[in-house]
Structures are given as structure tokens and as C-alpha cells.
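Note sheet for the following structure.
There are 2 protein chains.
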Amino acid sequence: MARDRKFSTDELFQLTHQLLLTYGYEGFTFSILAEQLEVSRGTLYKYYENKDELITEFMLYEMSQFMLKLKDIHAQEGFEAQTEYLIDLIFKQTTIPELIEIGRHIPNTNEKVEKNKKQLDEQRMDMYYQLESYIQLGRREQRLKKNLPTSLILGLIFQTITIPNHFNVPRSEWIEGIKEIICHGMFLQN
Amino acid sequence: MARDRKFSTDELFQLTHQLLLTYGYEGFTFSILAEQLEVSRGTLYKYYENKDELITEFMLYEMSQFMLKLKDIHAQEGFEAQTEYLIDLIFKQTTIPELIEIGRHIPNTNEKVEKNKKQLDEQRMDMYYQLESYIQLGRREQRLKKNLPTSLILGLIFQTITIPNHFNVPRSEWIEGIKEIICHGMFLQN
DNA sequence: AGTAAAAGTGACACTTGTGTCATTTTGTCG
DNA sequence: CGACAAAATGACACAAGTGTCACTTTTACT
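The following block contains the structure:
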């Protein structure tokens, strides 16, 4: 009964993603977004009360997509294979840690935003739970050193994504190097 | 022949540091800074044309302080001791990587800023050079795995600082864990 | 005590982003 | 066709940061 929208949610989220990575949370504005979408700024307010609402909505979507893939980790046989799967997955979704970091800066500007942020936290806990059982497998298989805190292991794995590759080491060599160090360290055994 | 300043460069830089970490580059304003310094905003413009000039000036200072300490790495005997020294140093200066990251977002708003940014790049290269010789020592001592790219090793060591310690693992346990993983990995040997 | 040089002030004009809303456009359905 | 509901628009009032500058205040020095 009405006319079609000039943009899809997919387009919107994709652009949001790109602009967030380019300009960061503060630099991200409805002005830029509207211009890129070739739509007036006022239009965006028809769908979201403010940028925080849009961003949290987008992040929920992004997180759920990531969680779907993460759940498949349990299809892998054994701790070593799961580790390989996890690192490869993270390097396919390289922006997740950045988005999480951005998410920490979002203020509670209205109830919807607050609700979304709570939901994001729940997803983060769910993610942690998924990975907790992966770590437990490692401990059960006696493959993991006992004294290492779980949160350190997970944090370190996730953080490897953000190491800047200034010298453009080829991607495969880079990822292999990371796996090697995380699993067996940079030192040669004697 | 004139009156004293109401604030010292030290105070200014310390506050700049704190505000940058709290609000990030975009959120850092002369308004907030002036208020905290209990000085009018106009005063700040007497010393810096804009915030980019102040921030780059501050970063140059911070980098040079860090470089001084970094140079002492060569006083350590052997690769393992140097590795220990490096990681401990980084964890004493936890904000260096964050500052470097913030530095990447600064636009060239005037010639002074441009000059400062170039100088920062040189310092970064100098830092790299210092650490390159540390890595070379590791290779010469046959302690380092041959196939690992230098930039990956250095990047990974520096990045460990930014792993969020959500569960408040005690600091010493945290740092020991990081050293352990970087040097020998998270896997038990069989 | 007088003064000049530097420090500091605050008002002004400007820019950019925000949120709102009365109005216009568009396309589908009866 | 025509009407009506959703989509889109653009102008308005507001908020916050920026950079400037004529002016005032302070104080070390003569």
C-alpha cells in the first residue's frame, strides 16, 4: 500500500559497518550515512531514534551471525582441530574485536539502546560459554597448560586479529605464524 | 618579566594523556581540557594552534620517554633476559600501544602537525630498529624459531598489552601467563 | 613605584551535528 | 481512477566545538 524503501537493511548495515571502521564511533554520523545512502538525513530518523540505536542494532545482527559460525566449533574433532578452526574463523571475521571495542563506548541514550546493550552483553557471555567448553576440552585432553587463566588464553587468541601487519607479510604466513606462537611459542625447544 | 603560567607543561601533558585515554581522539576537546586545567579555552590557543598540535607534541614527548627506557634492553645479557625485560617494560607503560593507535587518526591540520607526525614515524622506525637487533640476537642464539616474521613477533608482544582482563586475573599471574605463551605456547609438550 | 612583556580572558562569528515535523512524493489496492 | 498509507524530504531551532582577537591582569625587573 505504500512505496518501496530506497535502501534495504542489508545495505544499511553494510554501510554502517564500513563507516564505523573508517571513522570510529565518534566520527560516525547520520549526515555521512545519509549522504552515502543517497537519502535525506531525516529519513534515517524514521527508523532509528539516534545513531546509538542503529549501531547497537547492527552489532546485535553482526554478533548473531558470528555466533552461528562459532557454534560449529564443536563439530571439530579434538582440541587441536578446534583451535585451528577458531583462529581461522576469527581471521575470516576480522572486525569482530574492533566492533566489540567500539561497542564499549556507546552511551545509554534511550531505553532501546540500553536494552540492546544488555542483549549484546548476554551474547558476549554466550560466546564465552561456547569457548569455555572448548578450553575445558583442551584441559581434559591434557593438551593445555594447567596454570594459564582461561580468559587470558581466549583474550590472546582474539587479540591476535588486531596486530597491525605493517610490513605486509603474506596472509597465510601471518596466520600460520600466529598459530605456531600461540600453540608452541616463539622459542625453539632445546 | 611576565607573570607565571597557571599550569606547567607536565600538568598539561599528564591531563592530555588521561583525557585521551578516557574520551579518545574525537572526544578530546579544548573545552574539557581548559575546564580541568581551570583556565580559559582561549589560553590554550596561545600555545597550540589546535588540538592536533598539542596531541602530537605530547606523543613525541611520551615516545621519547619510552625510547630512553627501551634502549636499556641491550644492557640485559642474552635473548631470554631481553625478552623478559621487554615484556615487563611494556606492561609498565601500558598506554603506549593505545597512544600509537590514537596517533593513526590524527589528520594533518597544519604544517606543525605534519612535521610532528613525520617525527613520530621516525621514532617508530627507531624503535623498530632497537627491537630488530633484539630479534637478531634471538636468531643468532638459536633461541628463536626461524620461520616467524620479525614484525609478527614484535607486533604480538606489543599487542598483549591490550588484551582486556575482564575477570581481573591478578597482574603478576597475567603477565607470567603472557610470557609463558609467547615463549613456549599454550600447549603442553608430549 | 612604574612599566613592558607575557599570561589570561571572554565575547563573537562560524561550523557541524542533532532531533523534529509539517509537507510532499510515491505506489498499491479497492 | 483516486485515495491513502508509508516513505521521503528539507527547513528550523538547538547544542557543542572551533578559532580569533581586542582587551585585562599579573608580576619581574629596572
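As given, the protein sequences belong to chains A and B, one line each in that order.
Residue 11 is where the first sequence starts when you use this note's numbering, and the numbers rise one by one after that.
Residue 11 is where the second sequence starts when you use this note's numbering, and the numbers rise one by one after that.
Glycine included, each C-beta is placed from N, C-alpha and C at the ideal position.
Looking only at DSSP bridge pairs, what is residue i linked to?
| i | result |
| --- | --- |
| residue 197 of chain B | A/154 |
Would residue i pass as an interface residue toward chain A - the criterion being a Cβ-Cβ separation below 8 Å?
| i | result |
| --- | --- |
| residue 100 of chain B | no |
| residue 48 of chain B | no |
| residue 31 of chain B | no |
| residue 166 of chain B | yes |
Output the boundary residues of the alpha helix (DSSP H) element that contains residue i.
| i | result |
| --- | --- |
| residue 57 of chain A | 51-57 |
| residue 18 of chain B | Looking at the DSSP string, residue 18 of chain B is not in any alpha helix (DSSP H), and its letter there is neither H nor E. |
| residue 72 of chain B | 61-81 |
| residue 113 of chain A | 106-113 |
| residue 92 of chain A | 88-102 |
| residue 85 of chain B | Taken as a continuous stretch (DSSP letters only), residue 85 of chain B belongs to no alpha helix (DSSP H), as it is neither H nor E. |
| residue 167 of chain A | 160-169 |
| residue 44 of chain A | 40-47 |
Can you pull the chain A residues whose beta carbon is under 8 Å from the beta carbon of residue i, in chain order?
| i | result |
| --- | --- |
| residue 161 of chain B | 175, 176, 177, 179 |
Using a Cβ-Cβ distance under 8 Å, would residue i count as near chain B?
| i | result |
| --- | --- |
| residue 130 of chain A | no |
| residue 112 of chain A | no |
| residue 187 of chain A | yes |
For residue i, which residues in chain B fall below 8 Å Cβ to Cβ?
| i | result |
| --- | --- |
| residue 169 of chain A | 169, 170, 172, 173 |
Identify the contact partners of residue i in chain B, using a Cβ-Cβ distance below 7 Å as the criterion.
| i | result |
| --- | --- |
| residue 196 of chain A | 154, 155, 158, 163, 192, 193 |
So residue i contacts chain A; which residues on that side make the cut at Cβ distance below 9 Å?
| i | result |
| --- | --- |
| residue 34 of chain B | 34, 35, 36, 115 |
Find the residues of chain A that neighbour residue i, judging by a C-beta separation of less than 7 Å, and give them in chain order.
| i | result |
| --- | --- |
| residue 183 of chain B | 159 |
At 3 residues or longer, and completely inside the segment 116-146 of chain A: list those beta strand (DSSP E) runs for me, N to C. List check, beta strand (DSSP E) in window: nothing returned.
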